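Below is one structure, written out as C-alpha cells; comments come after it.
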Amino acid sequence: MINQEFLERMQSNLNFRKKSKMNIMKKGGDQALSHSYQDIRRIDFALMRMKQKQYGLCTNCGCIIEEARLEIIPETPFCSDCAKAIECH
Numbered sequence: 034m035i036n037q038e039f040l041e042r043m044q045s046n047l048n049f050r051k052k053s054k055m056n057i058m059k060k061g062g063d064q065a066l067s068h069s070y071q072d073i074r075r076i077d078f079a080l081m082r083m084k085q086k087q088y089g090l091c092t093n094c095g096c097i098i099e100e101a102r103l104e105i106i107p108e109t110p111f112c113s114d115c116a117k118a119i120e121c122h
C-alpha cells in the first residue's frame, strides 16, 4: 500500500496542478478550456479516490499503481499494464 508521506505529497501535487489548470481556463481560449476541464476532472477523481482510500489502486484491475508512474502522472487511474492495454484499443 502507499505510505502516508507519499500520499500527502501526491495530494499537494494534485491540488497545485488543479489550481494551475483553473488559471489556464481563466486565461485560455476554447481549446485550452477543453483540455484543462478534462485535466481537472481527472485530478478531482484522483482526489476523491484519496478520500475513499482507493488512490494508487488501478480502477481497471485493482492492482497497485507503481509509485514511479504516480510521480509522473499523479492523476492516473490505471497501472502501466492496463494503460498499455487501453492505448492499444
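For what it's worth, the numbering used here labels the leading residue of the sequence shown as 34, then goes sequentially.
Don't be surprised by glycine CBs; every beta carbon is placed ideally from N, CA and C.
All values derive from a computational prediction rather than experimental measurement.
Measure the CB-CB distance between Ile76 and Gly89 and report whether it falls below 9 Å. no
Would Cys112 be called buried (16 or more neighbouring beta carbons within 10 Å of its own) or exposed? buried
Looking only at its chain, what residues have a beta carbon closer than 6 Å to the beta carbon of Pro110, apart from the 5 residues adjacent to it on each side? Thr92
Per DSSP, what are the beta-bridge partners of Ile97 in this structure? Leu90
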